[in-house]
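All remarks here apply to the structure that follows.
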Amino acid sequence: MARERLPAGARLHCRLRRRPAERRQACPQGAHHTQPPQRVSLADHIDAALPQTQCTRCGYADCRAYAEALAAGEADINQCPPGGAEGVARLAALTGRDIRPLNPEHGIEATRGVAVIDEAWCIGCTLCIKACPADCIVGAPKAMHLIVESQCTGCELCIPACPVDCISMRDVTTATGWAAWSAPQAEEARDRYAFRQFRRQRETQENDARLQAKAEAKLADLPAASVITDPEQLARKRAVIEAALARARARRG
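For the sequence shown, our numbering assigns the number 1323 to the initial residue and increments by one for each residue that follows.
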């Protein structure tokens, strides 16, 4: 896939996989001057100050949504347990608000853990793979899954998704908050999440395109593709397929 088709977050995700020398070759000196600098908003600054675990404990769909709500004055600065007290202080400095304790309704500051799958109980349902915002769970249907520990953000979203309760958390630090999580880890987690979102959107579009092509082929020769012979029933079926195609085209813009 051509790299220029990827969104910014996905391109960053690709760069993270290169070594420094390779990055310099991919982005030669002066190349960054080909595009005008983008304006950095308050939401961008706030998003960069969040740990990017995408855990949703703040009450929003992801870290970016929380950042935008904070920038709009619609959320408080004490709703991110993974960031801990230091995270609250960072958000206070960015928003000009007073520092306050974490809101216990969203959780408490704790040591960082990673998810572990008990292979003896895993049934290969893939539900944890779909729930993971960092795309760090690998496996196939009806085969045991594996969590890549170095990429796990400790969001815990895979735990309620597992129907056989075979996922648990294992502490990997004694520190809490930002003392247990680094800026490079947060950046990689954000880029992995952005690439996941891009991949899922692409897969949805490709699936919709396949279904649309199949429906159009059927519609082109409906009498031969259907066991129905009654003209009125064929007309009704044609109308249903045409309506479905119209909705699909509307979704695709």
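C-beta atoms are modelled at their ideal positions from N, C-alpha and C, and glycine is treated no differently.
> Could you give the residue range of the alpha helix (DSSP H) that holds Val1410?
Replying inline: In the sequence shown, the residue the question calls residue 1410 occupies position 88. Secondary structure note for Val1410: its alpha helix (DSSP H) is the uninterrupted segment Gly1406 to Thr1417.
> If you draw a straight line from the alpha carbon of Pro1455 to that of Lys1464, how long is it in whole angstroms?
Replying inline: As a position in the sequence shown, residue 1455 is number 133, starting the count at 1. As a position in the sequence shown, residue 1464 is number 142, starting the count at 1. If I take the Cα positions, the gap works out to 21 Å.
> What's the C-alpha gap between Val1494 and His1428?
Replying inline: Within the sequence shown, the letter at position 172 stands for residue 1494. Within the sequence shown, the letter at position 106 stands for residue 1428. Val1494 and His1428 have their C-alpha atoms roughly 22 Å apart.
> Per DSSP, what kind of secondary structure is Asp1493 in: helix, strand or coil?
Replying inline: Walking along the sequence shown from the start, residue 1493 turns up at place 171. For Asp1493, the secondary structure class from DSSP, reduced to helix, strand or coil, is strand.
>> Taking only three categories from DSSP, how would you classify Val1562?
In response: Sequence index remark: in the sequence shown, residue 1562 carries index 240 (1-based). DSSP places Val1562 within a helical segment (H, G or I) once states are collapsed to three.
> Where does Thr1378 fall in DSSP's three states?
Replying inline: Here the question's residue 1378 lines up with position 56 in the sequence shown. Three-state DSSP puts Thr1378 in coil, outside helix and strand.
> How close, in whole Å, do the beta carbons of Cys1380 and Gln1401 come, if the pair is a contact with beta carbons under 8 Å?
Replying inline: By 1-based counting over the sequence shown, the position of residue 1380 is 58. By 1-based counting over the sequence shown, the position of residue 1401 is 79. Between Cys1380 and Gln1401 the beta-carbon gap is near 4 Å, inside 8 Å, which marks them as a contact.
> Quick one: Cα of Ala1508 to Cα of Gln1555, how far?
Replying inline: The residue you call residue 1508 lines up with position 186 of the sequence shown. The residue you call residue 1555 lines up with position 233 of the sequence shown. When rounded, the distance between both Cα atoms is 57 Å.
> Out of curiosity, what's the CA-to-CA distance linking Gly1395 and Cys1385?
Replying inline: As a first step, residue 1395 must be located in the sequence shown, where it is residue number 73. As a first step, residue 1385 must be located in the sequence shown, where it is residue number 63. Take the alpha-carbon of Gly1395 and the one of Cys1385: they are about 15 Å apart.
>> Could you tell me the alpha carbon to alpha carbon distance between Arg1518 and Thr1448, rounded to whole angstroms?
In response: For the purposes of this step, residue 1518 is identified with residue 196 of the sequence shown, where counting begins at 1. For the purposes of this step, residue 1448 is identified with residue 126 of the sequence shown, where counting begins at 1. Their backbone Cα atoms lie some 15 Å apart in a straight line.
> Between the beta-carbon of Ile1445 and the beta-carbon of Pro1485, is there less than 9 Å?
Replying inline: If you number the sequence shown from 1, residue 1445 lands on position 123. If you number the sequence shown from 1, residue 1485 lands on position 163. Against a cut-off of 9 Å, the Cβ pair of Pro1485 and Ile1445 comes out as a contact.
> What are the residues that DSSP puts in a beta bridge with Thr1498?
Replying inline: To locate residue 1498, count along the sequence shown from 1; it is residue 176. In the DSSP assignment, the residues bridged to Thr1498 are Thr1433.
> From Phe1520, Ala1535, Ile1368 and Cys1450, pick the residue whose C-alpha is nearest to that of Ser1490; which is it?
Replying inline: On the sequence shown, residue 1490 is found 168 positions in, with the first residue counted as 1. Nearest C-alpha to Ser1490 among Phe1520, Ala1535, Ile1368 and Cys1450: Cys1450.
> Among Gly1476, Glu1564 and Glu1408, which one has its Cα closest to the Cα of Leu1533?
Replying inline: Residue 1533 sits at position 211 when you count from the first residue of the sequence shown. Comparing Cα-Cα distances from Leu1533 to each of Gly1476, Glu1564 and Glu1408, the minimum goes to Glu1564.
>> What does the Cβ neighbour count give for Pro1373, buried or exposed, with the cut at 16 atoms within 10 Å?
In response: Working through the sequence shown from its first residue, we reach residue 1373 at position 51. Burial of Pro1373 is indicated by the presence of at least 16 other C-beta atoms within 10 angstroms of its C-beta.
>> Distance check for Val1562 and Ile1430, CA to CA, integer angstroms please.
In response: Walking along the sequence shown from the start, residue 1430 turns up at place 108. Walking along the sequence shown from the start, residue 1562 turns up at place 240. Their Cα atoms are separated by approximately 52 Å.
> Along the chain, where does the alpha helix (DSSP H) that runs through His1367 open and close?
Replying inline: Here the question's residue 1367 lines up with position 45 in the sequence shown. If you look at His1367, you'll find it in the alpha helix (DSSP H) that goes Leu1364 to Ala1371.
> For the candidate residues Met1466, Ala1572, Thr1433 and Val1410, whose alpha-carbon lies nearest to that of Cys1488?
Replying inline: As a working mapping, residue 1488 is identified with position 166 in the sequence shown. Looking from the CA of Cys1488, the closest CA among Met1466, Ala1572, Thr1433 and Val1410 belongs to Met1466.
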